[in-house]
Amino acid sequence: MIIESPLDLVFRDLFYRLRNFVAGHDIFLKLEGFNVTGSIKIKTATALVEDLERRGMAQPGKTVLVESSSGNLGIALSLVCAVKGYEFICVTDPIANRSNIRGIEVYGGRVVIVKERDLVGGYLGSRIEAIDQILRSNSNAVWLNQYANLANKNVHAEETANEIAREFDKIDWIFVGTGTTGTLAGISEGLRGRFPKVKIVAVEPAGSVTFGGMPGKRHIPGIGASVRPELADLANPDQVVVMDERKTIEACLSLVRDHHLLVGGSTGTVLAAVQQIGPAFARGDTVVAISPDLGEKYLDTIYDGAWAESIAAYDASFATASHPAAAE
Ligand SMILES: Cc1ncc(COP(=O)(O)O)c(C=O)c1O
Numbered sequence: 010m011i012i013e014s015p016l017d018l019v020f021r022d023l024f025y026r027l028r029n030f031v032a033g034h035d036i037f038l039k040l041e042g043f044n045v046t047g048s049i050k051i052k053t054a055t056a057l058v059e060d061l062e063r064r065g066m067a068q069p070g071k072t073v074l075v076e077s078s079s080g081n082l083g084i085a086l087s088l089v090c091a092v093k094g095y096e097f098i099c100v101t102d103p104i105a106n107r108s109n110i111r112g113i114e115v116y117g118g119r120v121v122i123v124k125e126r127d128l129v130g131g132y133l134g135s136r137i138e139a140i141d142q143i144l145r146s147n148s149n150a151v152w153l154n155q156y157a158n159l160a161n162k163n164v165h166a167e168e169t170a171n172e173i174a175r176e177f178d179k180i181d182w183i184f185v186g187t188g189t190t191g192t193l194a195g196i197s198e199g200l201r202g203r204f205p206k207v208k209i210v211a212v213e214p215a216g217s218v219t220f221g222g223m224p225g226k227r228h229i230p231g232i233g234a235s236v237r238p239e240l241a242d243l244a245n246p247d248q249v250v251v252m253d254e255r256k257t258i259e260a261c262l263s264l265v266r267d268h269h270l271l272v273g274g275s276t277g278t279v280l281a282a283v284q285q286i287g288p289a290f291a292r293g294d295t296v297v298a299i300s301p302d303l304g305e306k307y308l309d310t311i312y313d314g315a316w317a318e319s320i321a322a323y324d325a326s327f328a329t330a331s332h333p334a335a336a337e
């Protein structure tokens, strides 16, 4: 295989068969973490930029692309912008980990870190304010806005869903973790027409509000949202599973122990949901789950015993201390 650009490093037909993952059932894990920049987000990043180009809203060497991200999309956009000749500014906050920031910077992106918390104690409001300032001060700046941008959904309807449909004669269940909900909404749109009986399961971490959950502190990046993304209106899952982060950690550890693959936190969350729903699978059902990234970048968190214990301790104290307030 000879490639002409790093953007060609997208592996569309990689499915890891997890034998007997749930008693009597193999699960097919769609692996996106071998893509360049290490995640499914390279597809989103390419699509967001090419959508602007198609609409005549981006000119290499002139347009400055702006996005708020602390992880996978930021790195992916930084690469896409470098390849295509755009300046890229990534707005993030002090919670973003250093290797992500360095990843964005080495591809040539500029990182703006907001320092002030917003009125509700998070950083989202401050990030949006910083983006506003950049847009006001530079008429060539364009905000990609992954949480509302239809191109984020469309790329998964046109690409990810087709990649799955090409591999299987039928699909009975598909499990998708949700952040912006672009992957979920796109896969749903792309698969429902072809597989009318498919059951689409959205997987959310506890503390995310996207499908009506109570807001709460979350520690695992990539999935969940503290403000419901606009794209979620276009996602219509058959079922929503809310997963405790402790179960996510357990699922990551057992996958590496039993199936020898180190996966990211959102994959662990999705696999924990597969295990929970497993008793509902019928004989012969084809079950697919999306794995957005791999686990190396989580070695100091999810795969670190002390970190995992601190999460468990935090969650236990939250469970006892916060329920009365949550019920108000
Ligand atoms: C590791 C990981 N998993 C899952 C997701 C969620 O995907 P989406 O934003 O399409 O809902 C993301 C999004 O950034 C991610 O980085």
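Per this note's numbering: the sequence shown = residues 10 to 337. Beta carbons: idealized from backbone N, C-alpha and C, even for Gly. Only a predicted model underlies this, so the values are computations on that prediction, with no experimental measurement involved.
If I follow the unbroken alpha helix (DSSP H) through residue 268, where does it start and stop? 254–268
Three-state class that DSSP yields for residue 150 in the structure shown: strand
Can you tell which of 124, 117, 48 has its C-alpha closest to the C-alpha of residue 81? 48
Meets three-Cβ-pair contact criterion under 8 angstroms: the segment 170–179 and the segment 143–152: no
Among the residues of its own chain, which have a CB less than 7 angstroms from the CB of residue 271, if the five just before and after it don't count? 265, 303, 304, 305
For residue 15, which three-state DSSP category applies? helix
According to DSSP, is residue 200 part of a helix, a strand, or is it coil? helix
Three-state secondary structure (DSSP) of residue 47: helix
Residue 115 lies in the alpha helix (DSSP H); which residues open and close that run? 107–115
Are the segment 19–36 and the segment 157–166 touching, with three or more C-beta to C-beta distances below 8 angstroms? no
With a threshold of 16 other CB atoms inside 10 Å of the CB of residue 289, please say whether the residue is buried or exposed. exposed
Can you name the residues that DSSP bridges to residue 186? 212
Would residue 194 count as contacting chain B if we go by Cβ distances under 8 angstroms? Here there is only one protein chain, and chain B is not present.
Measure how close the beta-carbons of residue 277 and residue 301 come, nearest whole angstrom, since I'm counting them as under 8 angstroms. Wrong, their Cβ atoms sit about 11 angstroms apart, outside the cutoff.
Cβ-based burial, residue 146 [other Cβ within 10 Å; buried from 16]: exposed
Pull up the distance between the alpha-carbon of residue 287 and that of residue 71, whole angstroms please. 51 angstroms
Can you check whether the CB of residue 62 is closer than 8 angstroms to the CB of residue 99? no
Taking the alpha-carbon of residue 45 as reference, which of 85, 38, 56 has the nearest alpha-carbon? 85
Beta carbon of residue 191: closer than 7 angstroms to some heavy atom of ligand 2? As for ligand 2, it is missing from this structure, which binds only ligand 1.
Other residues of its chain near residue 259: CB distance less than 6 angstroms, five sequence neighbours each side excluded: none
Is it buried or exposed for residue 245, if we count other Cβ within 10 angstroms and need 16 for buried? exposed
Could you tell me whether the segment 210–226 touches the segment 164–172, using the rule of 3 or more Cβ pairs below 8 angstroms? no
Check whether the Cβ of residue 81 sits closer than 7 angstroms to any heavy atom of ligand 1, and report yes or no. yes
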